[in-house]
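Chains as they are written, first to last, in the working numbering: chain A, 1 to 141; chain B, 142 to 299; chain C, 300 to 658. Glycine included, every Cβ here is placed at the ideal spot set by N, Cα and C. I have placed the structure first, in the form of structure tokens, so that the comments after it can refer back to it.
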Amino acid sequence: MNATEGKNEIIRISPAELPIRAMEMKEKGLRLSQACAAWVKKEERLELSYSFVDDTTYDIFNLRIELSDKAAEGETVKEGCGRDAEVASISGIYPYAAFYENEMRELFGANIKVIDPDYHNKLYRIKEETPFVPKKEGEAK
Amino acid sequence: MYNITRSPWVMHYDGSSCNGCDIEVLACLTPVYDAERFGIINTGDPMQADILLVTGGINTQNAPVVKQLYDQMSDPKVVVAVGVCACTGGVFKDCYNILGGADQVIPVDVYVPGCAARPQAIIDGIVKGIGVFQERLEKMEKGELKNQEEKEEAGKEE
Amino acid sequence: MSKRSVIPYGPQHPVLPEPIHLDLVIEDEKIVEAIPSIGFIHRGLESLTDKRDFNQMAYVAERICGICSFGHGYGYCETVEHIMNVEVPDRAKFLRTIWFELSRLHSHLLWAGLMADAFGFENLFYQCWRVREKVLDAIELTTGGRVIFSVNKVGGVLKDITPEMQKMILETLDFVEAETKVLKKTFMNDYSVQSRMKGVGVLTKEQAKALGCAGPFARASGIATDMRMRGYAAYGELDMEPIISNDGDCYGRCEVRIGEIFQSIDLIRQAIAKIPDGELAAVVKGNPNGEYFTRIEQPRGEADYYVRGNGTPNLDRMRVRTPTFANLAGLCETLKGADYADIGILVVTIDPCISCTER
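What follows is the structure, given as structure tokens:
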């Protein structure tokens, strides 16, 4: 058997680009394999990753959105890339993305707008709010 | 009523376990381990169950479910906590959504440790549970132990 | 138009070993819509990265689910090994493949039993689990555990399979193969079994693609996707083809899974014939720093692993996307238009693993 390892790429995009990029992926016939968020402690950055996969070549393309209130040295935070920046839902393009997006919003507090169906932070019904992301200063209990 | 301990019916509820203990509980009932030789039948109906097997820890969402299942069972009743998660919370004890073992919400009579608990241990736990059940039954017949309704009535009078 | 009513299904239900809750909108006996709500088993174990180091997380990963336990441990270890550029010895790769396929065997036989139980064929359920116990004996002999093996670590494996053990595994496989052939006759040819499964819960290829289904659920609808074709572990050196069916109904899913039982038996035989001598584990130095996505084929379908290290023993993030999470959308689609009496079968037919889904 010939092993087909496939490409494994991370493509960094801005939040505003997401719907267009997702449309492109859909046109290419790729499947949304997963979407997840990660909290990078050191840089205090929220990262959203959308993975698109090809079922014949086993390629994987990850769209990465970085949201942070802290800018790198000598730079300012780009507009629309702050931690609370709005990210449009892609559940209109990939219907099953809704589960992933609900999860990201409930556990990480990502500000994803217009998810269909919207569980209103009640997917897992946990007591603690956004357990993976430390509370912002001033908001702490 | 006297021979009920020869055929106790078991109900299994999966708290927030990893499935390991659940499939071992099921494996107990299949031919190789055959817990059914003690007259045990796995039922899905809490009204008919005598022994409640709980696997997995308790989290914020399933706490009321476990409590309700326990309340729906008729007296006398016995709770067996299967697996280390149901005993203390186990490997998930530090997780944000886990409150702890099954004894956080309901009284547990028999603890079966193990990750995952082996079928032999589970059968042993059930047999111990039958012993507790027998004791309660005898006490109830003598009138020493009140059942749920009587307890509630007593509570109202007080 | 007839009256619509909403019937709650679960979380505690006789046919389900695990809690899942569905709100079923029903018109007469037909289901119009199914709304799933999950969270009864949500533990939040991904957050344990703060408290456990990356070696300990391999054991936590194994406890995501007790049925596909080995696969989760393996997927996590492979991701970390990729980040740290650890070259796993060849023998360890073959050992992992053998254990992976043994766990697939026990998982599929378990599913076959639960399916038989769901359509009310108690005897067949017992027969499937009787065969499964032999597989568990082989697992116990080689690893010491029945359902949770704990033989994976970052860099390799902890235990070896000696030639005597290999002989015993081969004997077990002969037994399982002979018994499964008998079981297959009942599943595939029995009139009453067919009447419960044929044409029930049809999911077309287009629908399966549009809903992002994974694993045997997708393969039963004719999508030839199998992550083992990527050639991770030792799969690259073994011969295999994805098993597909074009029926798209419960019967097709059953056909695919029973086909995979024979495929797993074949793969283990190939692996035992080819296994090289050598070390069991590579030396791992330092801490993971970087990120990587891996996909592997669990018994239930494709699982995604994402690990992000920051140079300290505690990882920033471990994320697992499990097959049932991907199949939830497909399940809701197959439930639409189904009879109320078929819900049990339809839920079991995707081989749900709720503790995987909610982690």
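Does L48 (chain A) get closer than 7 angstroms to chain C when you measure Cβ to Cβ?
-> no
Please check if any C-beta of chain A sits within less than 7 angstroms of the C-beta of N238 (chain B).
-> yes
So does the region 26-44 of chain A actually touch the region 87-98 of chain A, counting three or more Cβ pairs closer than 8 angstroms?
-> yes
Cut-off 7 angstroms between Cβ atoms - residues of its own chain near V166 (chain B), not counting five sequence neighbours on either side = H153, L194, T196, V223, I263
Is it true that the CB of Q34 (chain A) sits closer than 7 angstroms to the CB of S14 (chain A)?
-> no
Cβ shell of A523 (chain C) (< 6 angstroms), same chain only, five flanking positions each side left out = P541, I543
What separation, rounded to the nearest whole angstrom, lies between the Cα atoms of A140 (chain A) and V253 (chain B)?
-> Note that A140 (chain A) scores 43 on pLDDT, short of 50, meaning its location in the model is unreliable; the coordinates nonetheless yield the value given after this. Taking the straight line joining both Cα atoms gives about 40 angstroms.
By how many angstroms is the C-alpha of L67 (chain A) removed from the C-alpha of E143 (chain A)?
-> Examination of residue 143 (chain A) is not possible in this model, given that chain A is present from 1 through 141 alone.
CB-CB under 7 angstroms to Q506 (chain C), same chain, minus the five flanking residues each way: which ones, in chain order?
-> E632
Report the partner residues of D322 (chain C) according to the DSSP bridge assignment.
-> C:P307, C:I334
How would you call N160 (chain B), buried or exposed, if buried means at least 16 neighbouring beta carbons within 10 angstroms?
-> buried
Buried/exposed call for T441 (chain C), threshold 16 Cβ in 10 Å = buried
Extent of the continuous alpha helix (DSSP H) to which H341 (chain C) belongs | Neither: H341 (chain C) is in no alpha helix (DSSP H) and is coded neither H nor E.
Hey, is K7 (chain A)'s beta-carbon within less than 7 angstroms of any beta-carbon in chain C?
-> no
How about A532 (chain C) and R395 (chain C): are their beta carbons less than 7 angstroms apart?
-> yes
Using only alpha-carbon positions, find the residue among C:L323, C:V646, C:D349 that is nearest to L413 (chain C).
-> C:V646
N- and C-terminal bounds of the beta strand (DSSP E) containing Y591 (chain C) | 588-597
Since C36 (chain A) sits in a beta bridge, which residues does DSSP pair it with?
-> A:S49
Exposed unless 16 or more other CB atoms sit within 10 angstroms - verdict on H144 (chain A) | Only positions 1 to 141 of chain A appear in the structure, and residue 144 (chain A) is not among them; the question remains open.
Which parts of the region 187-218 of chain B are runs of the beta strand (DSSP E), unbroken and 3 residues or longer, counting only runs that do not cross its ends?
-> 192-196
Going along chain A in order, which residues have a C-beta closer than 8 angstroms to the C-beta of T229 (chain B)?
-> The contacting residues do not exist; T229 (chain B) stays about 20 angstroms from chain A at best.
Short Cβ contact (7 angstroms threshold) for S301 (chain C) with E400 (chain C) | no
Measuring CA to CA, which of B:Q213, B:D265, B:R147, B:V251 is closest to C169 (chain B)?
-> B:D265
State yes or no: is the beta carbon of N545 (chain C) nearer than 7 angstroms to at least one beta carbon in chain A?
-> no
Residue range of the unbroken alpha helix (DSSP H) whose run includes R105 (chain A) = 97-108
Would you call the CB atoms of F179 (chain B) and V219 (chain B) closer than 7 angstroms?
-> no
Count the other CB atoms within 10 Å of the CB of N2 (chain A); is the residue buried (16 or more) or exposed (fewer)?
-> Per-residue confidence for N2 (chain A) stands at a pLDDT of 46, beneath the threshold of 50, marking its modelled position as unreliable; the derived number appears in the next sentence. It is exposed - the Cβ of N2 (chain A) has fewer than 16 other Cβ atoms within 10 Å.
Can you name the residues of chain B whose CB is closer than 8 angstroms to the CB of R599 (chain C)?
-> Those within 8 angstroms of R599 (chain C) in chain B number zero; the least Cβ separation is about 11 angstroms.
Which residues in the same chain as D349 (chain C) place their Cβ atom closer than 7 angstroms to its Cβ, once the five residues preceding and following it in sequence are excluded?
-> N613
Among residues of its own chain, excluding the 5 on either side of I330 (chain C), which ones have a beta-carbon nearer than 8 angstroms to its beta-carbon?
-> L323, V324, L634, K635, G636, A637, D638, Y639, I642
Using a beta-carbon distance below 7 angstroms, is E44 (chain A) in contact with chain B?
-> no
When the cut-off is 7 angstroms and only beta carbons count, does T196 (chain B) lie next to chain C?
-> no
Do we get a CB-CB distance below 7 angstroms when we pair C81 (chain A) with the residues of chain C?
-> no
With 7 angstroms as the threshold, decide whether the Cβ of G224 (chain B) is near any Cβ in chain C.
-> no
Is it right to say N200 (chain B) is buried, meaning 16 or more other beta carbons lie within 10 angstroms of its own, or is it exposed?
-> buried
Would you mind sorting I112 (chain A) into buried or exposed? The rule is 16 or more other CB atoms within 10 Å of its CB.
-> buried
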